[in-house]
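Sequence positions in the sequence shown follow my numbering and run 1413 to 1672. See below for the structure under consideration.
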Amino acid sequence: MKQRRLENKVALITGASRGIGKAIALCFAQEGATVAVNYAKNRKSAEEVCSAVRSAGGRALCVKADVGDGQQVEIMAQEVLNEYQQIDILINNAGVLNVIPTLETTGDNFDRMIEVNLKGVIHCARAVLASMKQQRYGRIINVSSIAALSTSMGGITGYAMTKAALNLLTRRLANELGPHNITVNGLAPGFIPTDMSLEGAKAAGTDVHSIVDRTMLRRLGEPMDIARVALFLASEDSGYMTGQVLTVDGGRIDYLTHSV
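Printed below as a string of structure tokens:
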């Protein structure tokens, strides 16, 4: 039997009760990983993800935490460590998208995106660092967005700013953690029809179907398209790769550049 790529690994996945995070949890479990499914509010959906993993013969644990709250994150990480004694993979997927015209961005509606999209990544990386350092092994994957690379959909300047900062943070963490054999990479998905992105497109007045014609592949992506690339970054296949942000957008042609 072929060795599964994440056998004996424990993955903590934030925002895993739905969308991209859910797909990553299911994909990783199929490859042998034990998954900790983080959620902030919707325990029912998180339990459904865990049940699906267990029904397929895998191991899963639901863990509640608002990643924007460092204390909650520390408690969550300790809960996973108490249960499984290790955390090998961290997927920073939890995110907040508020659609606001650029000059109407205020502290209230921008601060929450900073708390979750940026500070939440730092909180989670800090919480798993001791475990990864001790075992001299770790994979940290940050879910960014093509919004960080250029502009297309209106009203998402604040969101794009947090994701652009996340791309830089990814590289800085990769530089600092590399000596401990911890890789840090990012993913920049294109438009994936999740609850969050569909709500954002509606608020911005964007016709989702028009995006299809703006991709070279002439289709929208699915959460599993992103999960499979996350699997590559979490596996030994990418062992000599760090500090990178991979664009996964079906070949969007409405951007001036994909350079990162």
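Each residue gets a CB set at the ideal place from its N, CA and C atoms; glycine is no exception.
Three-state secondary structure (DSSP) of residue i
i       : result
ALA1600 : strand
THR1627 : strand
LEU1658 : strand
ARG1664 : strand
SER1671 : Reliability of the predicted coordinates at SER1671 is poor, the pLDDT of 48 falling under 50, and the value obtained from them is presented with this limitation in mind. Note: SER1671 maps to coil in three-state DSSP.
LEU1571 : Here residue 1571 turns out to be Tyr, not Leu, going by the sequence shown. Helix.
ASN1450 : strand
THR1582 : helix
ASN1420 : coil
GLY1590 : helix
ASP1619 : coil
MET1565 : coil
GLN1415 : coil
PRO1635 : helix
ALA1445 : coil
Proximity of residue i and residue j at Cβ, strictly below 7 Å
i       : j       : result
SER1450 : ALA1477 : Per the sequence presented here, residue 1450 reads as Asn, with Ser not at that position. Yes; because the gap between Cβ atoms is below 7 Å, this pair is in contact.
ILE1501 : LYS1614 : no
ASN1510 : MET1525 : yes
VAL1641 : LEU1599 : yes
LEU1418 : ALA1448 : no
CYS1439 : VAL1485 : no
LEU1578 : SER1556 : yes
ALA1559 : TYR1571 : yes
ILE1594 : PRO1635 : no
ILE1503 : ILE1553 : yes
GLY1480 : GLY1532 : yes
GLU1459 : CYS1474 : yes
ALA1489 : VAL1465 : no
SER1543 : GLN1483 : no
THR1446 : TYR1496 : yes
SER1457 : ARG1430 : yes
Beta-ladder partner(s) of residue i, from DSSP
i       : result
THR1426 : In the DSSP output, where bridge partners are listed per residue, THR1426 has none listed.
ILE1558 : Note: ILE1558 sits in no beta bridge, so no partner.
THR1595 : ARG1551
Where residue i falls, given that 16 or more other Cβ within 10 Å makes a residue buried
i       : result
PRO1601 : buried
GLY1519 : exposed
TYR1652 : exposed
ALA1646 : buried
THR1659 : buried
LEU1643 : buried
ALA1432 : In the sequence under discussion, the amino acid at residue 1432 is Ile, which differs from the Ala named in the question. Buried.
HIS1621 : exposed
GLU1587 : The sequence shown places Asn at residue 1587, rather than the Glu named in the question. Exposed, because fewer than 16 other Cβ atoms sit within 10 Å of the Cβ of ASN1587.
LEU1541 : buried
LYS1575 : buried
ASN1597 : buried
LEU1515 : exposed
ARG1538 : exposed
SER1463 : exposed
ILE1665 : exposed
GLY1567 : buried
SER1671 : Bear in mind that the predicted position of SER1671 carries a pLDDT of just 48, short of 50, making it too unreliable to give a figure here.
LYS1434 : buried
ASP1607 : exposed
GLY1633 : buried
ARG1630 : exposed
ASN1454 : exposed
7 Å Cβ cutoff, residue i in contact with chain B
i       : result
PRO1591 : Absent from the structure is chain B; it holds one protein chain and no more.
Residue i beta carbon near the ligand FMN (any heavy atom closer than 6 Å)
i       : result
TYR1571 : Looking for the ligand FMN in the displayed structure turns up nothing, as the structure carries no ligands at all.
- Message: List, from N- to C-terminal side, the beta strand (DSSP E) runs of 3 residues or more that fit wholly inside the region 1466-1554.
- Response: 1472-1476 and 1501-1504
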